[in-house]
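Note that the protein sequences, when read in sequence, are chains G and E.
Start counting the first sequence at 33; every next residue gets the next number (the working numbering).
Start counting the second sequence at 5; every next residue gets the next number (the working numbering).
Don't be surprised by glycine CBs; every beta carbon is placed ideally from N, CA and C.
Just so it is clear, the structure is predicted and the values come from calculations on it, not from any experiment.
Everything below concerns the one structure shown next.
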Amino acid sequence: SAVISQKPSRDICQRGTSLTIQCQVDSQVTMMFWYRQQPGQSLTLIATANQGSEATYESGFVIDKFPISRPNLTFSTLTVSNMSPEDSSIYLCSVDGLAEENEQFFGPGTRLTVL
Amino acid sequence: AQKITQTQPGMFVQEKEAVTLDCTYDTSDPSYGLFWYKQPSSGEMIFLIYQGSYDQQNATEGRYSLNFQKARKSANLVISASQLGDSAMYFCAMREAYGNKLVFGAGTILRVKS
């Protein structure tokens, strides 16, 4: 199994500012996924990050708002830019199982509140 | 397009009893995987169980089992001998191919009563 850590675990930010969330995996993985969970809602994929290529964004999410970096096979960052209260959510990174297709693991999440 | 439906917004179960959480899905891809996750109030997503579309037997993991009815496109989670610590949000999710994204249902809040 993969062990995933995220920083920060939570933050309270002012509108108009940006926050960068880090995701670290203890093993090399090809694909990393960033999800958003708005209050009381389910999880929605923001983008898929492959090392060495541009992230692939889902409908409704754009690179200018959620820029992603993937500098190596164990690390990725998601930035939430020009934040508004509507960006208050839990942001989670996720990776596929390393040896088994029947696994997909999540980091502990970053709980963001925008005032 | 993939779609996951969880029709039970909330469920109550008495401690030590079994409970079934419903999940139906829709896909045109013959190869897919179904996942169940538990999300306690802390927000972390805890992987519970997986069922592949070609698996002949229903998946089981300890007190968790998956009632997979492929023709009906349902993948219900059964939790046996419920414990107070099982109180959480439960999500059903589907992935159409390895390396692809998970699509989640709306979730079911489970409350275990003592």
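Residue 14(E) counts as exposed, since fewer than 16 other beta carbons sit within 10 angstroms of its beta carbon. The beta-carbon of residue 143(G) is placed less than 8 Å from the nearest beta-carbon of chain E. The segment 88-107 of chain G makes contact with the segment 52-71 of chain G: 3 or more CB pairs, one atom from each, lie closer than 8 Å.
Under a criterion of Cβ atoms nearer than 9 Å, the residues of chain G adjacent to residue 110(E) are, in order, 73 and 74. Looking from the CA of residue 37(E), the closest CA among 53(E), 18(E), 17(E) and 23(E) belongs to 53(E). Taking a beta-carbon distance threshold of 8 Å, residue 94(E) does not count as an interface residue toward chain G. In this structure, the CA atom of residue 73(G) is about 12 Å from the CA atom of residue 47(E). Closest in alpha carbon position to residue 114(E), among 107(E), 83(E), 34(E) and 105(E), is 83(E). In the three-state scheme derived from DSSP, where H, G and I count as helix and E and B as strand, residue 103(G) is classed as strand. Contact between residue 142(G) and residue 120(G) fails: their C-beta atoms lie close to 11 Å from each other, not under 8 Å. Residue-level contact check: residue 48(E) touches chain G, since one or more beta carbons of chain G fall below 8 Å from its beta carbon.
With respect to the 8 Å criterion, residue 116(E) and residue 91(E) are classified as neighbours on the basis of their beta carbons. Secondary structure at residue 90(E): helix, using DSSP grouped into helix, strand and coil. With contacts defined by Cβ atoms closer than 8 Å, residue 116(G) and residue 50(G) do not form a contacting pair. Pairing residue 99(E) with residue 88(E) gives a Cβ-Cβ distance that is not under 8 Å.
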